[in-house]
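Colleague: Residue numbers (the numbering used here): -13 to 561. Think of the CB as a built atom: it goes at the ideal place given N, C-alpha and C, for glycine as much as any other residue. The structure is given below, and queries will be raised subsequently.
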């Protein structure tokens, strides 16, 4: 048996024998690029203290990964289709691992942001390659099951990131959350060469680089606008990005409609099944990433769990994703995609609706049911949508298909954090202002506390430290009158610290409830739209599937012709 797998998937006469091991490699690759984001949410506080990050710095540490990741996927997916999907995967893992090493060595906000951007480029190579290799390696009859496991891995990574990061942060610094990616990437590179068969389009024309570059411009500008506007205000940068995104999108669509071999045939979006699936993916990750953003903060700041404890308490979501994925594998063939996806979206809406009941007295027990329902909903809805999106593309465009699915996912996640995160911040600030009305808190301290829930608790802690200092001075004071005054001051400060902490917790809990209500409304409206778009009946064989069969047949014929030529050459030499 060869150490490196060299027989292309397209030339195999029968299903690849080690395809499930290959799927494990693809899922491992997916795991680290999703964990790279979720792990950072719990490492952010330590990183902020160590590097002295401003709120703007921290935001771009998080989103420096997202912009190149979302912007480059379509172009890099097409390049992988033409030249080598496995090559794109391996190169992406190398770039991702290099960015992780860079992040481990970083000692400033600028270098951390740059490291995250490099990792985003690697992720843009990896993500579409995993789906395109999956589709190329598995026969159509098994593809839905393989995609279900791929989706379940994404759900696991969402919850596993904080657990891994939390465990590392107990004994190591924040930089260890970067370094953990390196050995995993190294294992995935070796395993990819040994277990994943090479694959590329059997017949692929020249790449539409103009369309690819236009996709980079409008997607990158859109993601930048989504990040910049809600968090930093609608100044020149955000407005300029909005204009660039709009102009770039119009130019991209017009170019693709006129190009004989477009990088993405935008006419696909006129198909109800394809459009509905992309909308469902985007809306679901809007809800999931938005909810994850504020739930982790609530568990850490309001309920007082450390990073590892927070990660462990998110695990019910991961377990429920696996259960939901198993259910969708059984339900979809029986009731159809429309009903399975609809049930998942209704479940996601219900999970967010349950979170509207959160208040200052809520405990972790109040979050368990929403987490489980949300996990079940992810498992139910996303696998059929991903399968439908990939099924809309012929074999020669599987990388583009994966990129379209992943771009919908990433745009949805970015919108979730931007829209729901901005709403959360505004709601928290307003509720805190109401809760502290009439108090003797200095205006500067209130402004600081309104910046974030972490800043609010830091203000309360600072007041408490002043109370302790006043109490210590009272004990050392020789004048009884002065001691009494200091003791009274210490008591007032201590009471103020408790009131401030209670006000911060109450304000953030109310903000979570209010934001969840808006998220539930958005996802509820989206559920109706997706239900209208998705067709009730599904065609047995789609045109892309027929094209795929034709291309595989051509690949087999090419292989046989090559073998015949080699045999004739050998016979001639022997003669």
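I believe residue 314 touches residue 265 by the beta-carbon criterion, under 8 Å. Please report the beta-carbon distance rounded to the nearest angstrom.
Modeller: By 1-based counting over the chain shown, the position of residue 314 is 328. By 1-based counting over the chain shown, the position of residue 265 is 279. That belief does not hold up - the Cβ atoms of residue 314 and residue 265 are roughly 18 Å apart, past 8 Å.
Colleague: I need the DSSP call for residue 70, collapsed to helix, strand or coil.
Modeller: Position 84 of the chain shown holds residue 70. Three-state result, residue 70: coil.
Colleague: Count the other CB atoms, across all protein chains shown, that sit within 10 Å of the CB of residue 256; report buried if there are 16 or more and exposed otherwise.
Modeller: For the purposes of this step, residue 256 is taken as the residue at position 270 of the chain shown. Under this definition residue 256 is an exposed residue.
Colleague: Could you tell me whether the stretch 327 to 346 touches the stretch 494 to 513, where touching means 3 or more Cβ pairs closer than 8 Å?
Modeller: Yes, since at least three Cβ pairs between the stretch 327 to 346 and the stretch 494 to 513 fall closer than 8 Å, the two stretches touch.
Colleague: Just checking, does the stretch 143 to 163 make contact with the stretch 42 to 52 on the three C-beta pairs under 8 Å criterion?
Modeller: Short answer: they don't touch.
Colleague: Residue 107: which of 91, 137, 74, 42 sits nearest, CA to CA?
Modeller: Counted from its first residue, the chain shown places residue 107 at position 121. Of 91, 137, 74, 42, the residue nearest in Cα terms is 74.
Colleague: With a Cβ-Cβ cutoff of 8 Å, do residue 356 and residue 337 count as a contact?
Modeller: For the purposes of this step, residue 356 is identified with residue 370 of the chain shown, where counting begins at 1. For the purposes of this step, residue 337 is identified with residue 351 of the chain shown, where counting begins at 1. Going by C-beta atoms, residue 356 is nearer than 8 Å to residue 337.
Colleague: Report the option in 339, 453, -3, 258 whose CA atom is closest to the CA atom of residue 122.
Modeller: In the chain shown, the residue the question calls residue 122 occupies position 136. Comparing Cα positions, the closest option is -3.
Colleague: For residue 75, which of helix, strand or coil comes out of DSSP?
Modeller: Translated into positions along the chain shown, residue 75 becomes position 89. Residue 75 falls in the helix class under three-state DSSP.
Colleague: Can you list, in chain order, the stretches of the alpha helix (DSSP H) that have 4 or more residues and sit fully within the stretch 128 to 157?
Modeller: Here no run is fully enclosed.
Colleague: Below 8 Å on the Cβ atoms is my guess for residue 197 versus residue 260; work out the distance and round it to an integer in Å.
Modeller: To locate residue 197, count along the chain shown from 1; it is residue 211. To locate residue 260, count along the chain shown from 1; it is residue 274. Actually they do not touch by this definition, with Cβ atoms about 18 Å apart.
Colleague: Taking only the alpha-carbon atoms, compute the straight-line gap between residue 321 and residue 390 and give it to the nearest angstrom.
Modeller: As a working mapping, residue 321 is identified with position 335 in the chain shown. As a working mapping, residue 390 is identified with position 404 in the chain shown. If I take the Cα positions, the gap works out to 26 Å.
Colleague: With the cut-off set at 8 Å, would you say residue -6 and residue 216 are in Cβ contact?
Modeller: Locating residue -6 in the chain shown gives position 8, counting from the first residue. Locating residue 216 in the chain shown gives position 230, counting from the first residue. Their beta carbons are not under 8 Å apart, which means residue -6 does not touch residue 216 by this criterion.
Colleague: Going by the CB atoms, is the gap between residue 193 and residue 68 shorter than 8 Å?
Modeller: For the purposes of this step, residue 68 is taken as residue 82 along the chain shown, with counting starting at 1. For the purposes of this step, residue 193 is taken as residue 207 along the chain shown, with counting starting at 1. The answer is yes: Cβ separation under 8 Å.
Colleague: Would DSSP call residue 217 helix, strand or coil?
Modeller: Working through the chain shown from its first residue, we reach residue 217 at position 231. Of the three classes helix, strand and coil, the one that applies to residue 217 here is helix, per DSSP.
Colleague: Would you be able to state if there are at least three C-beta pairs under 8 Å between the stretch 92 to 112 and the stretch 16 to 35?
Modeller: These segments touch.
Colleague: Could you please give the first and the last residue of the uninterrupted alpha helix (DSSP H) stretch that includes residue 286?
Modeller: For the purposes of this step, residue 286 is taken as the residue at position 300 of the chain shown. Element bounds for residue 286: n/a, residue is neither H nor E.
Colleague: Look at the Cβ atom of residue 253, then the Cβ atom of residue 519, and state whether they are nearer than 8 Å.
Modeller: Translated into positions along the chain shown, residue 253 becomes position 267. Translated into positions along the chain shown, residue 519 becomes position 533. Cβ distance not < 8 Å, so residue 253 and residue 519 don't count as in contact.
Colleague: Taking the continuous alpha helix (DSSP H) assigned at residue 169, which residues delimit it?
Modeller: For the purposes of this step, residue 169 is taken as residue 183 along the chain shown, with counting starting at 1. Where residue 169 is concerned, the enclosing alpha helix (DSSP H) stretches over 167 to 181.
Colleague: Below 8 Å CB to CB, which residues in the same chain sit around residue 199 once its five sequence neighbours on both sides are set aside?
Modeller: For the purposes of this step, residue 199 is taken as the residue at position 213 of the chain shown. So the list reads 61, once near-sequence residues are dropped.
Colleague: Using only alpha-carbon positions, find the residue among 168, 479, 386, 361 that is nearest to residue 251.
Modeller: Here the question's residue 251 lines up with position 265 in the chain shown. Measuring from the Cα of residue 251, the nearest candidate turns out to be 386.
Colleague: Specify the secondary structure class of residue -6 as computed by DSSP and reduced to three states.
Modeller: Walking along the chain shown from the start, residue -6 turns up at place 8. Residue -6 falls in the coil class under three-state DSSP.
Colleague: Give the DSSP-derived three-state secondary structure of residue 187 in the structure shown.
Modeller: What you label residue 187 is simply residue 201 of the chain shown in a count that begins at 1. Coil.
Colleague: How long is the line joining the alpha carbons of residue 431 and residue 445, rounded to whole angstroms?
Modeller: Indexing the chain shown from 1 puts residue 431 at position 445. Indexing the chain shown from 1 puts residue 445 at position 459. Roughly 7 Å between the two C-alpha positions.
Colleague: Measuring alpha carbon to alpha carbon, tell me which of 477, 348, 213, 288 ends up nearest residue 402.
Modeller: Position 416 of the chain shown, counted from the first residue, corresponds to residue 402. Residue 213 is the option with its Cα nearest to residue 402.
Colleague: Taking contact to mean at least 3 C-beta pairs separated by less than 8 Å, is the stretch 373 to 388 in contact with the stretch 451 to 469?
Modeller: Segments in contact, no.
Colleague: Contact between the stretch 23 to 38 and the stretch 271 to 286 is defined here as three or more beta-carbon pairs at a separation below 8 Å; is this criterion met?
Modeller: Yes: the two stretches touch, three or more of their Cβ pairs being nearer than 8 Å.
Colleague: Taking the alpha carbon of residue 227 as the point to measure from, which residue in 248, 243, 240, 202 has its own alpha carbon closest?
Modeller: Against the chain shown, residue 227 aligns to sequence position 241. Measuring from the Cα of residue 227, the nearest candidate turns out to be 202.
Colleague: Counting only the same chain and skipping the five closest in sequence on each side, list residues whose C-beta sits under 6 Å from that of residue 410.
Modeller: Your numbering for residue 410 matches position 424 in the chain shown. Closer than 6 Å at Cβ, skipping near neighbours: 280, 497, 501.
Colleague: Would you kindly work out how many angstroms separate the C-alpha atoms of residue 492 and residue 295, rounded to a whole number?
Modeller: The residue given as residue 492 occupies position 506 in the chain shown. The residue given as residue 295 occupies position 309 in the chain shown. Those two C-alpha atoms are separated by around 22 Å.
Colleague: Starting from residue 359, trace the alpha helix (DSSP H) in both directions and tell me its first and last residue.
Modeller: Here residue 359 refers to the residue found at position 373 of the chain shown. Element bounds for residue 359: 351 to 377.
Colleague: For residue -11, count the other beta carbons within 10 Å of its own beta carbon; 16 or more makes it buried, fewer makes it exposed. Which is it?
Modeller: For the purposes of this step, residue -11 is taken as residue 3 along the chain shown, with counting starting at 1. Classification of residue -11: exposed, given that the 10 Å Cβ count is below 16.
Colleague: Take residue 14 and list the residues in its own chain whose beta-carbon comes closer than 6 Å to its own, dropping the five residues that flank it on each side.
Modeller: Locating residue 14 in the chain shown gives position 28, where the first residue counts as 1. If we look at residue 14 and ignore the five residues flanking it on each side, its Cβ neighbours are 174.
Colleague: If you draw a straight line from the alpha carbon of residue 346 to that of residue 310, how long is it in whole angstroms?
Modeller: Walking along the chain shown from the start, residue 346 turns up at place 360. Walking along the chain shown from the start, residue 310 turns up at place 324. Answer to the nearest angstrom: the Cα atoms are 31 Å apart.
Colleague: According to DSSP, is residue 51 helix, strand or coil?
Modeller: As a first step, residue 51 must be located in the chain shown, where it is residue number 65. Correct three-state label for residue 51: coil.
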